[in-house]
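Asker: Just dropping this structure here.
There are 2 protein chains.
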Amino acid sequence: MSRDKPVTETPLLLALDFGGTKHAAALIGQGETQWRDSRRKLSPAEPTAQTDWEIMRSLAHELLQGAKPNAIGVSFGGPVDAKTGTVRLSHHVPGWENVPLQQWLETEFGAPARVDNDANVAALGEHRFGAGQGCESLLYITISTGVGGGWILNGQPWSGAEGMAGEIGHIVVDPDGPICLCGKRGCVERLASGPYIAQAAREQLAAQPHRGQILRSLVNQNLDAITAQVVSEATAQGDDLAWEVLEVAAWGLGIGIGNVANLMNPQRFILGGGVTKSGAQWWETVRQTAQTTALPEVHFEIVPAALGDEAPLWGAGALASDRLQA
Amino acid sequence: MSRDKPVTETPLLLALDFGGTKHAAALIGQGETQWRDSRRKLSPAEPTAQTDWEIMRSLAHELLQGAKPNAIGVSFGGPVDAKTGTVRLSHHVPGWENVPLQQWLETEFGAPARVDNDANVAALGEHRFGAGQGCESLLYITISTGVGGGWILNGQPWSGAEGMAGEIGHIVVDPDGPICLCGKRGCVERLASGPYIAQAAREQLAAQPHRGQILRSLVNQNLDAITAQVVSEATAQGDDLAWEVLEVAAWGLGIGIGNVANLMNPQRFILGGGVTKSGAQWWETVRQTAQTTALPEVHFEIVPAALGDEAPLWGAGALASDRLQA
Numbered sequence: 053m054s055r056d057k058p059v060t061e062t063p064l065l066l067a068l069d070f071g072g073t074k075h076a077a078a079l080i081g082q083g084e085t086q087w088r089d090s091r092r093k094l095s096p097a098e099p100t101a102q103t104d105w106e107i108m109r110s111l112a113h114e115l116l117q118g119a120k121p122n123a124i125g126v127s128f129g130g131p132v133d134a135k136t137g138t139v140r141l142s143h144h145v146p147g148w149e150n151v152p153l154q155q156w157l158e159t160e161f162g163a164p165a166r167v168d169n170d171a172n173v174a175a176l177g178e179h180r181f182g183a184g185q186g187c188e189s190l191l192y193i194t195i196s197t198g199v200g201g202g203w204i205l206n207g208q209p210w211s212g213a214e215g216m217a218g219e220i221g222h223i224v225v226d227p228d229g230p231i232c233l234c235g236k237r238g239c240v241e242r243l244a245s246g247p248y249i250a251q252a253a254r255e256q257l258a259a260q261p262h263r264g265q266i267l268r269s270l271v272n273q274n275l276d277a278i279t280a281q282v283v284s285e286a287t288a289q290g291d292d293l294a295w296e297v298l299e300v301a302a303w304g305l306g307i308g309i310g311n312v313a314n315l316m317n318p319q320r321f322i323l324g325g326g327v328t329k330s331g332a333q334w335w336e337t338v339r340q341t342a343q344t345t346a347l348p349e350v351h352f353e354i355v356p357a358a359l360g361d362e363a364p365l366w367g368a369g370a371l372a373s374d375r376l377q378a
Numbered sequence: 053m054s055r056d057k058p059v060t061e062t063p064l065l066l067a068l069d070f071g072g073t074k075h076a077a078a079l080i081g082q083g084e085t086q087w088r089d090s091r092r093k094l095s096p097a098e099p100t101a102q103t104d105w106e107i108m109r110s111l112a113h114e115l116l117q118g119a120k121p122n123a124i125g126v127s128f129g130g131p132v133d134a135k136t137g138t139v140r141l142s143h144h145v146p147g148w149e150n151v152p153l154q155q156w157l158e159t160e161f162g163a164p165a166r167v168d169n170d171a172n173v174a175a176l177g178e179h180r181f182g183a184g185q186g187c188e189s190l191l192y193i194t195i196s197t198g199v200g201g202g203w204i205l206n207g208q209p210w211s212g213a214e215g216m217a218g219e220i221g222h223i224v225v226d227p228d229g230p231i232c233l234c235g236k237r238g239c240v241e242r243l244a245s246g247p248y249i250a251q252a253a254r255e256q257l258a259a260q261p262h263r264g265q266i267l268r269s270l271v272n273q274n275l276d277a278i279t280a281q282v283v284s285e286a287t288a289q290g291d292d293l294a295w296e297v298l299e300v301a302a303w304g305l306g307i308g309i310g311n312v313a314n315l316m317n318p319q320r321f322i323l324g325g326g327v328t329k330s331g332a333q334w335w336e337t338v339r340q341t342a343q344t345t346a347l348p349e350v351h352f353e354i355v356p357a358a359l360g361d362e363a364p365l366w367g368a369g370a371l372a373s374d375r376l377q378a
């Protein structure tokens with residue numbers, strides 16, 4: 053029996069997504085378009101950097117079963133110094149301050165790694181595998197608990213001099229508007245994010261006791277139970293007050309997008325996150341406001357994300373692939 | 053007598069700046085940092101594309117004296133399709149609609165040419181020869197009759213999918229603000245540009261007859277003679293009303309810059325144009341507003357342009373150099 057001839061094996065890539073409340077890991081071969089295997093796990097009730105790390109380590113080792121990846125790509129839900137792969141902090145989980153995550157991973161798995169924040173990585177995921185394929189310049193925007201974004205310019209991620217680019221959530225669109233957690237007034241996030249849509253609905257219902265009957269009945273009169281999703285549902289059922297609230301949110305996002313279009317002239321905006329499920333009126337108002345805010349010579353598309361919650365994991369796969377080819 | 057040995061001559065670059073009211077042409081050797089020769093000429097009272105072209109042709113031929121340039125770079129004061137070197141139009145001079153300027157120049161001078169709009173080219177000029185040297189990401193902003201901008205990202209110009217990037221003048225910073233020529237309310241240009249500063253001063257003087265005595269006396273009570281420069285002068289002499297007007301303008305620009313910092317996280321903003329001569333209070337307000345609008349993690353410098361009105365001509369030289377190496 054002759055020995056097997058040496059074959060060139062497809063390089064194996066490990067993709068990791070550290071979310072605020074859930075984690076995911078997956079294996080993919082270089083150039084492939086389907087996961088070979090993947091695992092997901094929720095965080096415990098009071099997560100720390102240590103519990104995050106232990107969950108991710110065990111997910112990855114389960115997947116690898118002793119194999120060694122050729123490269124690792126990581127999406128992290130918080131600010132990252134992508135040049136060194138150092139996590140700056142997590143807004144949701146304590147203990148992540150200045151953690152050299154890239155180095156930890158390279159030591160643990162013996163393969164080169166790249167780490168970036170979730171918005172940048174999700175942008176890369178949509179660009180390579182989702183709604184941004186074939187598009188050389190795009191801003192991916194996630195609108196959910198917060199509003200964040202990631203850039204692709206000239207087909208490559210652009211994360212800025214300090215890795216902070218893409219913060220469309222904290223551009224001011226209404227200096228006389230309500231105060232945001234960040235301390236400024238009328239940020240896109242303050243107008244357009246899910247929790248603030250819910251808050252605005254509660255305020256309007258309190259101020260206008262005879263309106264919003266559909267919205268009220270959807271939460272059985274318990275205003276604390278209102279979420280952005282409920283506001284959308286009430287809008288779909290014809291509740292005027294609910295739509296007025298949602299319209300302001302869509303308007304704020306539309307102004308932000310139109311401003312960005314004038315400033316950067318990208319081909320496409322890709323919108324993901326829970327709030328994008330707010331229905332046709334929301335999309336129409338976002339698109340219309342953005343178009344009237346942009347100069348007439350500036351053209352762009354506003355399209356829904358294709359990969360949903362998986363965009364960061366797909367982007368992590370792309371990051372690993374790029375790391376291998378670097 | 054022996055024949056001269058062949059020598060490798062430094063490639064000769066022709067730089068052209070088509071302004072709204074004045075034109076400039078210069079010769080420089082590849083890699084050099086001083087003009088070998090340059091010419092400037094004002095437009096006639098009622099310029100057309102034809103008079104612009106004839107002036108530039110004759111300036112260039114005077115400079116060249118029969119020599120052939122190795123490459124040509126052009127700054128044009130209006131929107132340009134840089135990929136094809138086609139001028140879309142001039143806002144100041146009729147007849148420039150869809151002119152294939154790059155092709156005209158290549159035919160006229162027998163050398164490869166590149167054409168881009170003045171803000172993009174000025175950004176390149178400041179990057180290679182001025183206040184942006186050694187800086188990999190910057191936005192150059194000119195604040196004069198209008199407010200425009202040009203990007204350098206990763207050390208290269210970024211002009212957007214359609215060549216329209218950099219329009220910081222038409223991002224909305226105050227949706228309840230005054231109406232701009234572009235039809236929107238509260239654009240940066242509407243708040244921060246020279247003519248609108250003058251207009252705001254006239255309006256305030258009309259509304260507050262007992263204030264602004266210094267400003268009034270500087271124009272001998274003739275309010276039509278007020279310019280942004282006069283408003284600055286009155287501010288320097290301690291006129292409170294003049295400063296209130298200027299402060300709003302600086303505030304609008306500062307909000308715009310802070311928003312851009314959050315969105316793109318560039319290292320530096322370079323400010324040029326007449327309004328930047330408005331004094332220390334203006335600069336301080338721009339810087340302070342920009343910094344408080346930006347997220348605390350986002351850092352940047354705001355510095356004066358170094359090349360003044362010559363930035364587009366220097367950028368045209370850089371464009372010619374790049375064309376040669378392409």
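Protein chains in written order, with the numbering used here: chain A, 53 to 378; chain B, 53 to 378. All residues carry an ideal CB built from backbone N, CA and C; glycine is no exception. Computed from a prediction, not measured in an experiment: that's the story for all the values here.
1) Since D226(A) meets chain B, which of its residues come closer than 7 Å, beta carbon to beta carbon?
2) Whose C-alpha, out of T194(A), L315(A), Q333(A), is nearest the C-alpha of N172(B)?
3) Rounded to the nearest angstrom, how far is the Cβ of A97(B) from that of L68(B), given a contact under 8 Å?
4) Looking at the secondary structure, which residues open and close the alpha helix (DSSP H) in which I223(B) lies?
5) For Q319(B), return the contacting residues in chain A, with the cut-off set at a CB-CB distance below 7 Å.
6) At least one CB of chain A closer than 8 Å to the CB of W148(B): is that the case?
7) Looking at the C-beta of P131(B), does it have a partner C-beta in chain A at a distance below 8 Å?
8) Interface residues of chain B around E219(A) at Cβ under 7 Å?
9) Who are the neighbours of K236(A) on chain B, taking C-beta pairs under 7 Å?
10) Output, in chain order, the set of chain A residues within a Cβ distance shorter than 8 Å of S196(B).
11) Using alpha carbons as the reference points, say which of A76(B), V327(B), P63(B) lies closest to E106(B).
12) List the whole-angstrom C-beta distance separating G369(B) from I80(B), where the pair is believed to meet the contact cut-off of C-beta under 8 Å.
13) From what residue to what residue does the beta strand (DSSP E) around W210(A) run?
14) Any residues in the segment 176–194 of chain A with a beta carbon nearer than 7 Å to a beta carbon of chain B? Which ones, in chain order?
15) Kindly indicate which three-state DSSP category A67(A) falls into: helix, strand or coil?
16) Tell me the rounded alpha-carbon separation between V355(A) and V199(A).
17) Starting from the beta carbon of H222(B), find every residue of chain A whose beta carbon is closer than 7 Å, and list them in chain order.
18) Just to confirm the assignment, what range does the alpha helix (DSSP H) spanning A284(A) have?
19) Please list, in chain order, the chain A residues whose beta carbon lies closer than 8 Å to that of I307(B).
20) For D89(B), which three-state DSSP category applies?
21) Give the straight-line distance between the Cα atoms of I195(A) and S245(A), rounded to the nearest whole angstrom.
22) Residues in the same chain with beta-carbon distance under 6 Å from E234(B), minus the five sequence neighbours each way, listed in chain order, please.
23) Opposite C234(A) in the DSSP bridges: which residues?
24) Is DSSP giving K74(A) helix, strand or coil here?
25) Please determine, among E299(B), R92(B), Q82(B), the residue with the shortest C-alpha to C-alpha distance to T73(B).
26) Determine contact between the segment 333–352 of chain B and the segment 156–163 of chain B, defined as no fewer than three beta-carbon pairs at a distance below 8 Å.
27) Out of L176(B), Q102(B), S95(B), T103(B), point me to the one whose CA is closest to G384(B)'s CA.
28) Go ahead and label G215(B) buried or exposed: buried means 16 or more other beta carbons lie within 10 angstroms of its beta carbon, across all protein chains shown.
29) Would you list, in chain order, the members of the segment 332–366 of chain A that have their beta-carbon closer than 7 Å to a beta-carbon of chain B?
30) Near G325(B), what residues of its chain come up, given a Cβ to Cβ distance below 7 Å and the 5 sequence neighbours on each side ignored?
31) I'd like to know if the segment 293–304 of chain B and the segment 321–340 of chain B are in contact, where contact means that at least 3 CB-CB pairs between them fall below 8 Å.
32) Going by the DSSP bridge assignment, what does P318(A) pair with across the sheet?
33) Got a sec? Which residues, its chain only, sit under 7 Å from E178(B) by beta carbon, not counting five neighbours each side?
34) Return yes when the Cβ of G129(B) is within less than 8 Å of the Cβ of Q154(B), no when it is not.
35) How should G308(A) be labelled, buried or exposed, when 16 other C-beta atoms within 10 angstroms of its C-beta is the threshold for buried?
36) Over what stretch of residues does the beta strand (DSSP E) that includes T328(A) continue unbroken?
Answerer: Taking the definition as stated:
1) P227
2) L315(A)
3) A97(B) to L68(B), Cβ: 22 Å. No contact.
4) From DSSP, I223(B) is part of no alpha helix (DSSP H); its letter is neither H nor E.
5) Contact note: Q319(B) reaches chain A through A213, using a C-beta cutoff of 7 Å and chain order.
6) no
7) yes
8) N314, L315, L347
9) T345
10) What S196(B) touches in chain A: nothing, since even the nearest Cβ is about 19 Å away.
11) A76(B)
12) 5 Å
13) 208–210
14) So the list reads S189, given in the order they occur along the chain.
15) strand
16) 16 Å
17) N314, L347, listed in chain order.
18) According to the sequence as given, residue 284(A) is Ser; it is not Ala. Unbroken alpha helix (DSSP H) run through S284(A): 280–288.
19) V224, P227
20) strand
21) When the Cα atoms are used, I195(A) and S245(A) turn out to be separated by approximately 6 Å.
22) Correcting the residue type first, residue 234(B) is Cys in the shown sequence and not Glu. Cβ neighbours of C234(B) beyond the five flanking positions: H222.
23) C234(A) is bridged by DSSP to nothing; it lacks a bridge partner.
24) strand
25) R92(B)
26) no
27) Given a span of 53 to 378 for chain B in the structure shown, any question on residue 384(B) remains unanswerable.
28) Buried.
29) T345, L347, E349, V350, H351
30) T194, I195, S196
31) yes
32) P318(A) is not bridged to any residue.
33) G184, Y192, I322, A357, A358, L359, A363
34) Contact: no.
35) buried
36) That residue, T328(A), is in no beta strand (DSSP E); it is neither H nor E in DSSP.
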